[in-house]
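In this note's numbering, the protein residues as written are 836 to 1480. Just so it is clear, CB atoms sit at the ideal spot from N, CA and C, and this is done for glycine as well. Treat the numbers as computed from the prediction; the structure is a model and nothing was measured. Inspection log for the structure reproduced underneath, given as structure tokens.
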Amino acid sequence: MSNQSFIISLPDGTKKEYFRPIKAMDVALEISEGLARNVLAAKVNGKTVDVSMFINFDAALELLTWKDSEGKATLWHSSAHLMAEALESLYPGIKLGIGPAIDNGFYYDVDFGEIIFDGEQLFLIEEKMLELARQKSEFLREPISKQEAVKYFEAKDDEYKLELIENLKDGAITFYTQGNFTDLCKGPHIPHTGFIKAVKILNIAGAYWRGDEKRKQLTRLYGISFPKQKELKEYLALLEEAKKRDHRKIGQELGFFTFSQKVGKGLPLWLPKGAALRERLESFLKKAQLKAGYDPVITPHIGGKELYVTSGHYEKYGKDSFQSIHTPSEDEEFLLKPMNCPHHCEIYKSQPRSYKDLPVRFAEFGTVYRYEQSGELHGLTRVRGFTQDDAHIFCRSDQLEEEFSKVIDLTLYVLKALGFPEFTAQISLRDLSTPEKYIGTDENWYIAENAIKKVAKDKRLDTVLETGEAAFYGPKLDFMVKDAIGRKWQLGTIQVDYTLPERFKLEYIGADNQKYRPVMIHRAPFGSLERFIAILIENTAGNLPIWLAPEQFVVLPISEKYHNYAKNVFIELQKYDFNGFIDRRDEKIGKKIRDAEIKKIPFMLILGEKEAVGNTLSVRAHGTGDLGSFSFNKFLEMFKTKIEI
RNA sequence: GCCGGCGUAGCUCAGGGGUAGAGCGUUUCCUUGGUAAGGAAAAGGUCAUGGGUUCAAUUCCCAUCGUUGGCUCCA
């Protein structure tokens, strides 16, 4: 062995010199025993590996614990193996597909063969897993030849693993073994099963082998695991909370929207209260957009087929979309509009444009229709008819960055005003390996992708790059917000597009009297009103900010005797455009309060003898309780403050 | 689109081969009350739709539609 020393550098800048190979685990031990107890995996020069791996070269080392997303992923991946081990011991003869870690937990695809697996006894699997976990079996890595690997799974008659091995290179195959279970796996894994302290099998679902519906359907068991029992409890509580906040449930309870089989699936019907909420959002954004120099436009819900042939949508989606609308005239074909941009391009073309006119910004709450696969429909988040808060900015190339930057400012303003302070910006780029998915020249893609990257950097947005997520006509920047219970949602989108101006032959006259092609920016801060409202409901659990609440106050007369006073108060409030109603029902005040609380009405004004005589209001706030007695003006003042965005 | 679960009153749900039940809501009456449910009565259902089995189907079987959990997809 050489005496050559090597340096391991840690994230905090510490550098350690070693003279013989050392395991990441031993480095952890040198730092502290506590760290060593918690380290799940290691990252060596950016690659996640087992902590038992020997390092004998200069390396940047990161010790991964439960706090790191890769640490979590490693524990979950190992948990998938543990679940497989438990399943094998409970149901001998099963065959295994793949078992990866996912965003929240892990799954394993299992072919139960002749065994009837009804999913009733998931707790038995959980118990078995915990029992095996307590044995603290080490995860042992073992490189294996392709031949040996095939032999092993042939003996098990597991055609799925054999298929996986087939696609692997000899020499790059490893097995991992813990306890009595051996699996084909490239790792890494946690040191031993004992790190897994809490396990829950969340659900089971069918999943085709390799996602191909022509192939066999396997049973997919989803699970999640934690290094502490407490964390599992918290996670399950979060799931409960998410269920309570489900916009489909709250939307129904608060009378926001409904669906009708006759109207059609995926086509929401907005009830008066939902419509009120929507209008408030619209007018909020309209105001902001007017300030930002947008011009509202209005276009019809259908467009001639040629419009979409020109735009490229017809070629791309024609077959998989709502079919065309015919008229009594032969050869007349229209399509429901799937996007507003082609219409807006035609508006741009309606007159010659000078470089001095640019940028022009056309904004429209445009309702579009897309034939989504039936299995994809979900509440308001995935529908077949929805309204985009759409706008298209046509500008000169030299204005692109500034315009893009302004759009980001507007989007940030909107997100902040609506209670989404936490977000990341996802930049979606095209995947160079699948050029058939995109239209447009390489040069324009290059320019557009770089413009987005530059502006995001200038704005110092917290950015992630996603290859292959671009729209077919251009790259985009999406805002991913985090909601009140930590879930991530994709909201507003901004897209740069050189392609549509090309296809529509859009032009402007430059200072030199030559014709030039403008650049287009598509943008929608909400995305769609439907989806946004769904997210807003889940984020607020239905407790909307008062400026958005369809019913902002309710007047609760103690008894019939005070209906008159209630009416006077109500009329006064109406003068200020506040929205509410009088609960004139022949019920006791407790009942009226309870019902108003359930309806999540921000302010309850309780009026009885005292108030009528003193000309005051007794104010109660939703979720807070009695605020005491107010003069009308004092209440007005408070109301006005609360209503400010 | 594919696989599985579900579909009973406006809502939440119970029931089950002999044509239906609760709570909430609604309506009416009594009650006129002080910060999360006052009392009584009534109305309300082709048990998703269409076939089949059966003396008899809301119940069992099949199909369709809708919904839901996944898979695949997303301008």
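query = Taking all protein chains shown into account, do 16 or more other C-beta atoms lie within 10 angstroms of the C-beta of residue 958, making it buried, or fewer, making it exposed?
reply = By the 10 Å Cβ count, residue 958 comes out exposed.
ask   = Taking Cβ to Cβ, would you say residue 1028 is nearer than 7 angstroms to residue 1013?
value = It is a contact, given that the beta carbons lie within the stated cut-off.
task = Determine the DSSP secondary structure at residue 867, reduced to helix, strand or coil.
result = In this structure, residue 867 counts as coil in the three-state DSSP scheme.
ask   = So, is residue 1082 buried or exposed, given that buried needs 16 or more other C-beta atoms within 10 angstroms?
value = Under this definition residue 1082 is a buried residue.
request  = Round the Cβ separation of residue 1055 and residue 1039 to the nearest angstrom and send it over; I've been treating them as touching at under 8 angstroms.
outcome  = Rounded, the Cβ-Cβ distance is 7 angstroms, consistent with contact.
message = Once DSSP output is grouped into helix, strand and coil, what is the label at residue 1265?
response = In this structure, residue 1265 counts as coil in the three-state DSSP scheme.
task = Please work out which residues of its chain come closer than 7 angstroms, Cβ to Cβ, to residue 1372, disregarding the five sequence neighbours upstream and downstream, and give them in chain order.
result = For residue 1372, where only same-chain residues beyond five positions count, the Cβ hits under 7 angstroms are 1082, 1085 and 1086.
ask   = DSSP puts residue 946 in a beta bridge; with which residues?
value = BP columns for residue 946 point to 930.
message = Whole angstroms are fine: how far does the CA of residue 974 sit from the CA of residue 996?
response = Taking the straight line from one Cα to the other gives about 19 angstroms.
request  = Report all residues from its chain with a CB closer than 6 angstroms to the CB of residue 1109; omit the five preceding and five following residues, and keep chain order.
outcome  = Excluding positions up to five away in sequence, the list reads 1091 and 1092.
query = Are residue 858 and residue 889 touching if we call contact CB-CB under 7 angstroms?
reply = In contact: residue 858 and residue 889 (Cβ atoms closer than 7 angstroms).
key: Of the residues 1118, 1410, 1457 and 1201, the one placed nearest residue 1483, counting alpha carbons only   = This structure does not reach residue 1483, given that the chain is present from 836 up to 1480, and the question cannot be answered.
query = Sorted by chain position, which residues of the same chain lie with C-beta nearer than 7 angstroms to residue 853's C-beta, five sequence neighbours on each side aside?
reply = Cβ neighbours of residue 853 beyond the five flanking positions: 840, 841 and 843.
ask   = Where does residue 916 land, buried or exposed, given buried means 16+ other C-beta within 10 angstroms?
value = So residue 916 counts as buried.
request  = In the DSSP assignment, find the beta strand (DSSP E) that holds residue 1462 and state where it starts and stops.
outcome  = It spans 1460 to 1466 - the beta strand (DSSP E) in which residue 1462 sits, taken as one unbroken run.
Beta-carbon spacing of residue 1101, residue 922 below 7 angstroms = In this structure, residue 1101 lies away from residue 922, with their beta-carbon atoms at least 7 angstroms apart.
ask   = Near residue 1033, which residues of its chain fall below 6 angstroms by C-beta distance, leaving aside the five closest residues on each side in sequence?
value = For residue 1033, the CB contacts under 6 angstroms within the same chain, skipping 5 residues up- and downstream, are 1061, 1064 and 1067 in chain order.
key: Own chain partners of residue 836 with C-beta closer than 8 angstroms, once the 5 adjacent residues on each side are dropped   = Below a pLDDT of 50, predicted positions are generally treated as unreliable, and residue 836, at 48, falls in that range; the measurement from the model is reported next regardless. Same-chain partners within the cutoff: 855.
request  = Could you tell me whether the Cβ atoms of residue 1414 and residue 1387 are closer together than 7 angstroms?
outcome  = In contact: residue 1414 and residue 1387 (Cβ atoms closer than 7 angstroms).
ask   = What are the start and end residues of the alpha helix (DSSP H) that includes residue 1274?
value = Annotation for residue 1274: no alpha helix (DSSP H) segment contains it, and DSSP assigns it neither H nor E.
Cβ-Cβ separation, residue 1369 to residue 1210 (assumed contact under 8 angstroms), whole Å = At roughly 18 angstroms, the Cβ-Cβ gap does not stay under 8 angstroms, so residue 1210 and residue 1369 are not in contact.
ask   = In three-state DSSP terms, what is residue 1405?
value = In the three-state DSSP reduction, residue 1405 falls in the helix class (H, G or I).
query = CA-CA distance, residue 1140 and residue 1334?
reply = Per the coordinates, the alpha-carbon of residue 1140 lies some 19 angstroms from the alpha-carbon of residue 1334.
task = Using alpha carbons as the reference points, say which of 932, 978 and 1441 lies closest to residue 943.
result = Measuring from the Cα of residue 943, the nearest candidate turns out to be 932.
query = What are the boundary residues of the alpha helix (DSSP H) that residue 1082 is part of?
reply = Annotation: the continuous alpha helix (DSSP H) that includes residue 1082 extends over 1082 to 1088.
inquiry  = According to DSSP, simplified to helix, strand and coil, what is residue 1395?
reply    = In the structure shown, residue 1395 sits in a helix (DSSP, three-state: H, G or I).
ask   = Unbroken alpha helix (DSSP H) runs of length 4 or more, entirely within the region 1018 to 1069: which are they?
value = For the region 1018 to 1069, not a single whole alpha helix (DSSP H) run of length 4 or above is found.
request  = Provide the residue span of the beta strand (DSSP E) that contains residue 1199, from first to last.
outcome  = Per DSSP, residue 1199 belongs to the beta strand (DSSP E) from 1195 to 1204.
query = Since residue 1146 is in the beta strand (DSSP E), which residue starts that stretch and which ends it?
reply = Segment 1140 to 1146 is the alpha helix (DSSP H) holding residue 1146; no beta strand (DSSP E) there.
key: Whole beta strand (DSSP E) elements within the region 1318 to 1375, 3-residue minimum   = Taken in chain order, the complete beta strand (DSSP E) segments of 3 residues or longer contained in the region 1318 to 1375 are 1323 to 1332 and 1354 to 1359.
request  = Output the distance between the C-alpha atoms of residue 1336 and residue 1135, rounded to the nearest integer angstrom.
outcome  = Going from the Cα of residue 1336 to the Cα of residue 1135 covers about 20 angstroms.
key: Helix, strand or coil at residue 847 [DSSP, three-state]   = Of the three classes helix, strand and coil, the one that applies to residue 847 here is coil, per DSSP.
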